[in-house]
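Visitor: Here it is, the structure, as C-alpha cells.
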Amino acid sequence: MKLQFENIVSFVAVVDEGSFSSAARKLGKSQSTVSTAVQNLESDLGFNLFNRQHSKVWLTEKGKRLFHLSTPVVSKYRELITTAKQMNISEQIVYRVGIDPLVFNKEVKKTLLDFSEAFPNVDLVVVTKPSFVLGNYINEGKIDLALGNPYHKTDNDFNIDELFHVNCWWVAHEDLKSVDSHPSQRVLLMDGIEELLNLSNIASYNLWRLDDLGTIIDLCKAQRGIAFLPEFLIEKNMKDSKLKVITDHPDFFGKKVVASLFWPVHSDFSLFNQWIKGKLQTSVSRKQSFIADLAQ
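The sequence shown begins at 1 in the UniProt record's numbering and counts up one residue at a time.
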C-alpha cells in the first residue's frame, strides 16, 4: 500500500477545520482539490474515512483511528516546513502584533513566549490596545496582525479568523456600599472600550478612563469604583481581593467578546500568522478537553 502524504495532509485539515471548504482555505487550495485528495486517500486505503449523507459529513470509526495516527505525523511535517522557512530567512525582520487586553490571557502570553523560541531571529513588536485602535493600526499599516474583537464599530474590512470567546463582567469590591448611580460612584473603564459597550446606560455615572487594566483592578480592590473586566482576570484576582461579579443591576451586565485574529484584507496569511493561529487553536483545544474531563 502506497499513500500520498499530501492526501493525508488534506484529510487532517478537513477534520481540524470542520469542513472541506475551510480546509481548502487553510491549505490555499480549491475545495475540489481537497475533496479529490481525500477520495484518493480512501481509494488507496480501501475503506471510507467519512460517512456522507446529503450535505452532512462525519468520520467513520476507521477514519477516527487514522486521524489520531496521522495528526502527530502531519504536525511534525508542518513543524519541519515552518523551521525550514524560518531557516531560510537571512535578514532580521520585524513582526508586529496587536493584542486587545480583554483577550490577553495566559494562553496568549504562552504563545508569545513560544514564538520567541521558534523564531529567534525575528524582532517581535507587541502592541496592547483596544480592538478598535488595533483595527485602525491595521488599516494604517502599523501592525501585521491583531488579536481581539474585529466586530467593533468600523468602516474597515478585515480578514477574520475566530478562535475563542472571552466573557467579560462588571465587578465591584464586596464591601462597596452601593452600585447605584450617584455623583461619587465611579465606573472604571479601559480607555477605548466604549466602542464595545453602550455607555448610554451608565452616562450618569462618574466615568474614569484608564489605559492599564492593572491600575483599574487596584482601584476596584480599593473600593474606588466598578470595573469592566475579562473573566480570566476576575478569576485571578477574586480570591484575595474580595471582588464580586455584579449580577443584579440593570445597568451592568456581562458581554461576550469574540477573540479573533484579524489582518489586512488584501494581504496573505503569512507564516507567522499561521504559526500563531496553530498555537492558539492547540491551547484552546487542550483547555476544552481539560474542562470536558472535569465534567465527566
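No residue lacks a Cβ here, since even glycine has one placed at the ideal position from N, Cα and C.
Note that this is a predicted model, so its numbers are computed, not measured.
Around the Cβ of Val103, are there at least 16 other Cβ atoms within 10 angstroms (buried) or fewer (exposed)?
Guide: Counting from 1 along the sequence shown, the entry for residue 103 is found at position 103. Buried, since its Cβ has 16 or more Cβ neighbours within 10 Å.
Visitor: Can you tell me which of the three DSSP states His182 falls into?
Guide: Here residue 182 refers to the residue found at position 182 when the sequence shown is read from its first residue. Because His182 carries a pLDDT of 47, less than 50, the predicted location of this residue cannot be relied on, and no value is offered for it.
Visitor: If you measure from the beta carbon of Gln281 to each beta carbon in chain D, is any gap under 7 angstroms?
Guide: In the structure shown, chain D cannot be found, because there is only a single protein chain.
Visitor: Out of curiosity, what's the CA-to-CA distance linking Ser75 and Phe272?
Guide: Locating residue 75 in the sequence shown gives position 75, where the first residue counts as 1. Locating residue 272 in the sequence shown gives position 272, where the first residue counts as 1. Distance between Ser75 and Phe272, taken at the CA atoms: about 16 angstroms.
Visitor: Tell me the start and end of each unbroken alpha helix (DSSP H) in the segment 105 to 191 that is at least 4 residues and wholly inside, in chain order.
Guide: 106 to 118 and 131 to 139
Visitor: Have a look at the DSSP bridge pairing and note the partners of Asn206.
Guide: Within the sequence shown, numbered from 1, the residue matching residue 206 stands at position 206. Per DSSP, Arg186.
Visitor: Using alpha carbons as the reference points, say which of Leu45, Glu17 and Phe47 lies closest to Val34.
Guide: The count along the sequence shown starts at 1 and reaches residue 34 at position 34. Of the candidates Leu45, Glu17 and Phe47, the one whose C-alpha sits nearest the C-alpha of Val34 is Glu17.
Visitor: Should Asn198 go down as buried or exposed, given a rule of 16 or more other Cβ atoms within 10 Å for buried?
Guide: Start at 1 with the first residue of the sequence shown, and residue 198 comes out as number 198. Exposed, since its Cβ has fewer than 16 Cβ neighbours within 10 Å.
Visitor: Based on Cα-Cα distance, which residue from Arg224, Asp175, Glu107 and Phe115 lies nearest to Thr83?
Guide: Locating residue 83 in the sequence shown gives position 83, counting from the first residue. Cα-wise, what sits closest to Thr83 is Phe115.
Visitor: Where does Ala292 sit, in a helix, a strand or coil, going by DSSP?
Guide: By 1-based counting over the sequence shown, the position of residue 292 is 292. Residue placement at Ala292 is flagged as unreliable, the pLDDT there being 43, under the threshold of 50; the coordinate-derived value follows with that caveat. DSSP places Ala292 in helix when its eight states are reduced to three.
Visitor: Give the DSSP bridge partners of Phe228, in chain order.
Guide: By 1-based counting over the sequence shown, the position of residue 228 is 228. Answer is Trp170.
Visitor: So, with DSSP's three-state summary, where would you put Asn48?
Guide: By one-based count along the sequence shown, residue 48 stands at place 48. In the structure shown, Asn48 sits in coil (DSSP, three-state: anything other than H, G, I, E or B).
Visitor: Given that a residue counts as buried once 16 or more other Cβ atoms are within 10 Å of its Cβ, and exposed if not, what is Thr282?
Guide: As a position in the sequence shown, residue 282 is number 282, starting the count at 1. Exposed.
Visitor: Classify Lys2 as helix, strand or coil using the three-state DSSP reduction.
Guide: The residue labelled residue 2 in the question sits at position 2 within the sequence shown. DSSP places Lys2 in coil when its eight states are reduced to three.
Visitor: Rounded to whole angstroms, what is the Cα-Cα separation between Arg209 and Leu219?
Guide: The count along the sequence shown starts at 1 and reaches residue 209 at position 209. The count along the sequence shown starts at 1 and reaches residue 219 at position 219. Spanning the two alpha carbons is a distance of roughly 12 angstroms.
Visitor: When burial is assigned at 16 or more other CB atoms within 10 Å of the CB, is Pro230 buried or exposed?
Guide: If you number the sequence shown from 1, residue 230 lands on position 230. Buried: at least 16 other Cβ atoms inside 10 Å.
Visitor: Helix, strand or coil: which one does DSSP assign to Ser30?
Guide: Within the sequence shown, numbered from 1, the residue matching residue 30 stands at position 30. Correct three-state label for Ser30: coil.
Visitor: So does the segment 238 to 258 actually touch the segment 149 to 162, counting three or more Cβ pairs closer than 8 angstroms?
Guide: yes
Visitor: Say whether the segment 232 to 243 touches the segment 117 to 135, bearing in mind that this needs 3 or more beta-carbon pairs closer than 8 angstroms, one atom from each stretch.
Guide: no
Visitor: So which of Ser19, Leu163 and Asn7 has the shortest CA-CA distance to Lys56?
Guide: Mapped onto the sequence shown, residue 56 falls at position 56. For the residues Ser19, Leu163 and Asn7, the minimum Cα distance to Lys56 belongs to Ser19.
Visitor: In whole angstroms, give me the CA-to-CA distance for Phe11 and Leu280.
Guide: Within the sequence shown, the letter at position 11 stands for residue 11. Within the sequence shown, the letter at position 280 stands for residue 280. Roughly 21 angstroms between the two C-alpha positions.
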